[in-house]
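According to my numbering, the sequence shown is numbered sequentially starting from 19.
Where is the CB? At the ideal position from N, CA and C, for every residue including glycine.
Note that the coordinates shown come from a computational prediction; the quantities given were computed from them, not determined experimentally.
Comments concern the structure below.
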Amino acid sequence: MDIYRIRGGKKLEGDVRISGAKNAALPIIVASLLADGETVLKNVPDLQDIRTMIKVVNCLGAQTDFDTAKNVLRIQVSGLDNREVPYELVKTMRASYYVMGPLLARAGEADVSLPGGCAIGERPVDIHLAGFEALGATITLEHGYIKARTPGLEGAVFTMKKVSVGATANLLMAAVLTKGKTVLENCAMEPDIVDLGEFLVKMGAKISGLGTERIEVEGVKKLKPVNYEIMPDRIEAGTYLIAGAITRGRVRIVGVAPRHVEALCRTLAEMGFAIESGDSWVSVAPSKKLKGTIIKTSPYPGFPTDLQAPVMALATTVDGISVVIETIFENRFTHVPELRRMGADITIEGNSAIIRGVKKLSAAPVMMSDLRAGAALVCAALAARGETEIRRIYHADRGYEGMDRKLGALGAGIKRIAGGKP
Ligand code: EPZ
């Protein structure tokens, strides 16, 4: 297994181009199953999770060609051969679950292995299932598989009991081919959902209310395949702003939608960093007087849970006390013991972490436990005194395209060592 060796203390300087958004690309790849013919997706990041999702659509009969040098993915669909997604794929990536919506809408049946637990919490799928039932599907659980069946979905009004990105995406993908009108209430407003919705509209879907809490869909009989460019990844963008901030360097993220990173920029500005932005870029620079802050994660447009771990790493290096409250997932503090190994002063009280800034973090061997916890360790290592060795970097490969290459170009002392310790 590869490891990262990071020599900390170098100020990052320069521009970094942001890749396509993983969490928009994943449902959009699946949504291409809704139409026969060739869908061409541009700006698809070359990530482990994307490769897994390609396997998922392959297993349902789609032919694919991923040009990783150009980030172009071609998906050829001609009917759906198979209705089942096996445990091997769902256990590697929960988002495999997204096929349920398109399979039910097109074929009236879907067998998807029930996802197990996950490093960041229990992550149930009850809202997805309640939504499909509201649209007329019958759901049973057999041998670890959710079996959904319907003689034909019918439009309905469904209120999600909690804001869920995954359930909103899954139900939207089903509703576009559902007979009649579907109204989804308490929807996720994440840009990734808007990107999926715009892709579906380009395919011929009739959707209104994207980016609001209430989405209305008038079902159509058929959709057509299209060419589409995936939006930039706001979490990758935020991570590089934090990486710049933690080294007290000057980093400019380019090819982004600045409004997607507003919550993070507000937090960075509150801490005292200088933030500037233009049409498609945002920059961060240090200031003499930095201070701790309070961060509470919440659904978009609030502070994203996916940046909670990296921003906590930053808070450990800033004078004074910061408080981070995690409201989305129950177990998203697995980076804390690792950051403590690097000298961070963090106390956990329920879903809150209290961070006292330290003078300097110090290098230590650490391990990634999930994708964003991994990003936090990379940020901490960039600022730490000495050389940090980070194991289990396959977690970062799931969501950060060319992380070592991009950080290296900004001047970081980062090396990826092949076949390091497990
Ligand atoms: C998406 O996960 C993202 N994944 C996550 O990104 C992200 O952290 C999360 O949204 C929140 O923004 C993808 O887009 C592929 P949710 P998702 O359904 O859809 C509860 C990353 O690092 N819930 O919005 O699974 C759930 O337990 C990742 O890129 C139910 O109770 O998240 C959580 O507490 C990891 N029942 C809350 O809702 C359900 O049926 C929000 O989860 C569904 C969710």
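- Between the stretch 224-233 and the stretch 272-279, the count of Cβ pairs shorter than 8 Å is below three; the stretches do not touch.
- Rounded to whole angstroms, LEU389 and ALA430 show a C-alpha spacing of 20 Å.
- Between the C-alpha atoms of ARG358 and PRO63 there is a straight-line separation of about 32 Å.
- Per DSSP, reduced to three states, the secondary structure at ARG390 is helical.
- For SER182, the CB falls within less than 7 Å of some heavy atom of the ligand EPZ.
- Burial check for MET385: the Cβ neighbour count within 10 Å reaches 16 or more, so the residue is buried.
- Judged by the Cβ position, LEU122 fails to qualify as a neighbour of the ligand EPZ at the 7 Å threshold, every heavy atom of the ligand being at least this far.
- The three-state secondary structure of ALA80, taken from DSSP, is coil.
- Taking the Cα of LEU218 as reference, the smallest distance to any Cα among TYR412, GLY139 and GLY237 is reached at GLY237.
- Inside the stretch 322-370, DSSP marks whole beta strand (DSSP E) runs of 3 or more residues at positions 339-343 and 363-367, from first to last along the chain.
- In this structure, the CA atom of ALA128 is about 13 Å from the CA atom of LEU171.
- Residue pairing for LEU159: DSSP places it in a beta bridge opposite ILE164.
- When secondary structure is reduced to three states using DSSP, LYS40 falls in the helix class.
- Within its own chain, the residues whose Cβ lies closer than 6 Å to the Cβ of HIS353, once the five positions on either side in sequence are excluded, are ALA327, ALA391 and ALA394, listed in chain order.
- For the options ILE36, GLU56, ASN41 and VAL48, the alpha carbon positioned closest to that of LYS242 is the one of GLU56.
- In this structure, the ligand EPZ has a non-hydrogen atom nearer than 7 Å to the beta-carbon of HIS146.
- Within its own chain, the residues whose Cβ lies closer than 8 Å to the Cβ of GLY296, once the five positions on either side in sequence are excluded, are PRO276, listed in chain order.
- Judged by their CB atoms, LEU107 and LEU78 are not nearer to each other than the 8 Å cut-off.
- In its chain, beyond the 5 residues on either side, GLU234 have a beta carbon closer than 6 Å to the beta carbon of SER226.
- Counted as a single uninterrupted DSSP element, the stretch harbouring ILE411 is not any beta strand (DSSP E), since DSSP gives it neither H nor E.
- Of all C-beta pairs linking the stretch 251-258 to the stretch 198-205, fewer than three are shorter than 8 Å, placing the two stretches out of contact.
- Check the Cα spacing between PRO45 and each of TYR116, GLY97, ILE21 and TYR105: the tightest is with TYR116.
- Under a 10 Å Cβ-count criterion, GLY173 is classified as buried, with 16 or more other Cβ atoms of the shown protein chains found around its own Cβ.
- Going by DSSP, TYR258 is part of the alpha helix (DSSP H) stretching over 252-264.
- Setting aside the 5 residues that flank it on each side, GLU419 is surrounded in the same chain by SER37, PRO63, ASP64 and LEU65, each with a C-beta closer than 7 Å to its C-beta; the list follows chain order.
- Three or more Cβ pairs closer than 8 Å define a contact, and the stretch 148-159 meets that threshold against the stretch 182-194.
- In the three-state reduction of the DSSP assignment, THR200 falls in the strand class, which pools E and B.
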